[in-house]
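Note that numbering that gives the first Met the number 0 gives residue 314 to position 315 of the sequence shown, counting from 1, and the numbers run on in steps of one.
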Amino acid sequence: MPRKKAQPQWSPQSWQGKNAIQQPNYPDPDQVARSLEQLSKLPPIVTSWEIEALKQHIALAQKGGAFILQGGDCAETFDDCTSDNIAQKLKILLQMSVVMLYGLKRPIVRIGRMAGQYAKPRSDDLETRDQTSLPSFRGDLVNREPFTTADRTPDPDLMLRGYERAALTLNFVRSLIDGGFADLHHPENWDLDWVQHSPLAQEYHKITESVSNSLDFFESLSGGPVHTASRVEFYASHEGLHLPYEQAQTRFLPHRQKWYNLTTHFPWIGMRTAQLDGAHAEYFRGITNPIGIKIGPGMTADWLAGLIQLLNPANEPGRLTLIHRFGAANVDQHLPGLIKSVQASGAEVLWMCDPMHGNTEATKEGYKTRRFDNILAELETAFRIHTELGSYLGGVHFELTGENVTECTGGARGLTDADLRRAYRTQVDPRLNYEQAMEIAMRIAGLRSGRADQVN
Ligand code: PEP
Ligand code: CO
Numbered sequence: 000m001p002r003k004k005a006q007p008q009w010s011p012q013s014w015q016g017k018n019a020i021q022q023p024n025y026p027d028p029d030q031v032a033r034s035l036e037q038l039s040k041l042p043p044i045v046t047s048w049e050i051e052a053l054k055q056h057i058a059l060a061q062k063g064g065a066f067i068l069q070g071g072d073c074a075e076t077f078d079d080c081t082s083d084n085i086a087q088k089l090k091i092l093l094q095m096s097v098v099m100l101y102g103l104k105r106p107i108v109r110i111g112r113m114a115g116q117y118a119k120p121r122s123d124d125l126e127t128r129d130q131t132s133l134p135s136f137r138g139d140l141v142n143r144e145p146f147t148t149a150d151r152t153p154d155p156d157l158m159l160r161g162y163e164r165a166a167l168t169l170n171f172v173r174s175l176i177d178g179g180f181a182d183l184h185h186p187e188n189w190d191l192d193w194v195q196h197s198p199l200a201q202e203y204h205k206i207t208e209s210v211s212n213s214l215d216f217f218e219s220l221s222g223g224p225v226h227t228a229s230r231v232e233f234y235a236s237h238e239g240l241h242l243p244y245e246q247a248q249t250r251f252l253p254h255r256q257k258w259y260n261l262t263t264h265f266p267w268i269g270m271r272t273a274q275l276d277g278a279h280a281e282y283f284r285g286i287t288n289p290i291g292i293k294i295g296p297g298m299t300a301d302w303l304a305g306l307i308q309l310l311n312p313a314n315e316p317g318r319l320t321l322i323h324r325f326g327a328a329n330v331d332q333h334l335p336g337l338i339k340s341v342q343a344s345g346a347e348v349l350w351m352c353d354p355m356h357g358n359t360e361a362t363k364e365g366y367k368t369r370r371f372d373n374i375l376a377e378l379e380t381a382f383r384i385h386t387e388l389g390s391y392l393g394g395v396h397f398e399l400t401g402e403n404v405t406e407c408t409g410g411a412r413g414l415t416d417a418d419l420r421r422a423y424r425t426q427v428d429p430r431l432n433y434e435q436a437m438e439i440a441m442r443i444a445g446l447r448s449g450r451a452d453q454v455n
């Protein structure tokens, strides 16, 4: 690693001296200040103990000792904050993780892209329809989707509404987990009703039976519960896009003498906002959380080296996760060079594959979709490239839902373009449905032929 360069003084608001892109233009600064003041007084959503625990898990995954499963919606909506939606998302992530645990035989760390994934970057500040231009919809944290001036005007109150829903979401997830819902002895809790007839159901039930039998076996040997194995931990992530919102819950914790973003465990920087001299990089460099960086085809080795140096000058394990998303057709061209340059620098990072965002396409009818085979192909290629280069792909990132939607094509039931109109519900990016997500998990775990089981 190059020697640590002295950086100018950081504070939670030092990003304000830099160019902040993708931020809403609120018409009334006083109202923004009032909302932020209230937001900063509310209790945090996560604690530094949890954040530090996740960092340790990521550090372990960097060395090949654990595998990270991150998944959720491209954008959460306030309307989706219902018990059913939250429980279903938790169920699918738990089911995938038990399959991966069984196949990969290493701890699986679960991160829900939820409880705060409410702000979205947009290509244009304005959207024009019939000669009327209004602010683009930037997610429920910022404004409302209907194309009216009142709805599209950014409303600072929505930051409070979003924070409250994020807290409700994580509160419910925590209760489910602490209450025994996520106990590996009882994976039947995670069954989703409509799945009984799935071609994958039988295979899945064999796996869960075997996991709970093994737990019973170890517990009868040791005479007590296998605590760390039988209880699962769950973490939350979102894109740290809306800087005033993130800043309002950034706190200095005297017992640690460090700053933490307490809206989420694992905030990430999108590539659109990852400029080295930009406001987002400035904000992220000062917080202690583990952070993710999205890496697409436009990322150069120099840019990445600059980000790593700026965001992790001490080369702390567990701090940085590089979430790569090149597309099945481009991963061979882009990934090896970046892996080699990171290896040459000696930087400690976790590599995570997002096989969704590089594989988005539109059908003839205009549906935004992703083809299961391309998603799988990117994953397989990524595993192969990492293995060939002596690197470790230690995690995956999916956009998925526990619902029976038809947004991505292919998978066990061979969904076609014509099926998309049947249950296409996403507001933003197409998500894997339950069966497609389970099939991917089985492939990663090496439990189905066709294989993505090159995990080294
Ligand atoms: C995303 O991560 O869901 C996404 C759409 O990313 P980006 O806008 O950064 O491509
Ligand atoms: Co997305």
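Virtual Cβ for every residue (Gly too), placed ideally from N, Cα, C.
{"query": "Rounded C-beta distance between LEU303 and LEU252? I'm assuming under 8 Å.", "result": "30 Å between Cβ atoms; not a contact."}
{"query": "For ILE260, which beta-bridge partners are listed by DSSP?", "result": "The sequence as given places Asn at residue 260; Ile does not occur at that position. THR249."}
{"query": "How about CYS352: is its Cβ closer than 7 Å to a heavy atom in ligand 1?", "result": "no"}
{"query": "Counting only the same chain and skipping the five closest in sequence on each side, list residues whose C-beta sits under 6 Å from that of ASP452.", "result": "The predicted position of ASP452 is uncertain, since its pLDDT is 44 and thus under 50; no value can be drawn from it."}
{"query": "Please identify the residue among LEU399, GLU406, LEU378 and GLN116 whose C-alpha is closest to the C-alpha of GLY393.", "result": "LEU378"}
{"query": "Between which two residues does the beta strand (DSSP E) harbouring THR131 extend?", "result": "131-134"}
{"query": "Quick check: what's the CA-CA separation for THR148 versus PRO243?", "result": "23 Å"}
{"query": "Check whether the Cβ of PRO23 sits closer than 7 Å to any heavy atom of ligand 1, and report yes or no.", "result": "no"}
{"query": "Which ranges would you report for the beta strand (DSSP E) in the region 251-333 if only whole runs of at least 3 residues count?", "result": "257-260, 265-268, 290-294 and 319-323"}
{"query": "For GLU402, which of helix, strand or coil comes out of DSSP?", "result": "coil"}
{"query": "Label HIS185 either buried or exposed according to how many other C-beta atoms from any shown protein chain fall within 10 Å of its C-beta, with 16 as the threshold for buried.", "result": "exposed"}
{"query": "Which value, in whole angstroms, describes the spacing of the CA atoms of ILE307 and GLY389?", "result": "20 Å"}
{"query": "Take every Cβ of the region 278-294, pair it with every Cβ of the region 260-268, and state whether three or more of those distances are shorter than 8 Å.", "result": "yes"}
{"query": "Where does THR332 land, buried or exposed, given buried means 16+ other C-beta within 10 angstroms?", "result": "The amino acid at residue 332 is misidentified as Thr; the sequence shows Gln. GLN332 comes out exposed."}
{"query": "Suppose contacts are defined by Cβ-Cβ distances below 8 Å. Is MET437 in contact with MET95 by that definition?", "result": "yes"}
{"query": "What's the C-alpha gap between GLU245 and TYR162?", "result": "10 Å"}
{"query": "So, are the CB atoms of GLU406 and TYR423 less than 8 Å apart?", "result": "yes"}
{"query": "For PRO429, does the three-state DSSP call read helix, strand or coil?", "result": "coil"}
{"query": "Please state whether DSSP places GLN453 in a helix, a strand or coil.", "result": "Any answer about GLN453 is weak, because its pLDDT of 43 lies below 50 and its placement is not dependable; what the coordinates show is given next. DSSP places GLN453 in coil when its eight states are reduced to three."}
{"query": "Are there any heavy atoms of ligand 2 lying less than 7 Å away from the beta-carbon of GLU315, as far as the coordinates show?", "result": "no"}
{"query": "Within the continuous alpha helix (DSSP H) that includes TRP48, where are the two ends?", "result": "47-61"}
{"query": "Per DSSP, which one or two residues make a beta bridge with GLN69?", "result": "ILE110 and HIS396"}
{"query": "Of the residues ARG33, GLN55, SER236 and VAL97, which one's Cα is nearest the Cα of GLY71?", "result": "SER236"}
{"query": "Can you find a heavy atom of ligand 1 that lies under 7 Å from the Cβ of HIS356?", "result": "yes"}
{"query": "Counting only the same chain and skipping the five closest in sequence on each side, list residues whose C-beta sits under 7 Å from that of THR362.", "result": "THR368, ASP416 and LEU419"}
{"query": "First and last residue of the beta strand (DSSP E) that includes THR127?", "result": "125-128"}
{"query": "Under DSSP, the beta strand (DSSP E) around GLY349 begins and ends at which residues?", "result": "With the sequence shown as reference, residue 349 is identified as Leu, and Gly is not the correct amino acid for it. That run of the beta strand (DSSP E) goes 349-352."}
{"query": "DSSP state of ALA444, grouped into three classes?", "result": "coil"}
{"query": "Could you please go through the chain and list the residues whose beta-carbon is closer than 5 Å to any non-hydrogen atom of ligand 1?", "result": "CYS73, PRO120 and GLY269"}
{"query": "Roughly how many whole angstroms lie between the Cα atoms of ILE85 and VAL427?", "result": "18 Å"}
{"query": "Can you tell me which of VAL31, HIS279 and PRO145 puts its alpha carbon nearest to the alpha carbon of GLU126?", "result": "PRO145"}
{"query": "Between LEU275 and HIS396, what straight-line distance do the alpha-carbon atoms span, to the nearest angstrom?", "result": "24 Å"}
{"query": "Could you please give the first and the last residue of the uninterrupted beta strand (DSSP E) stretch that includes THR386?", "result": "Element bounds for THR386: not the beta strand (DSSP E) but the alpha helix (DSSP H), 371-387."}
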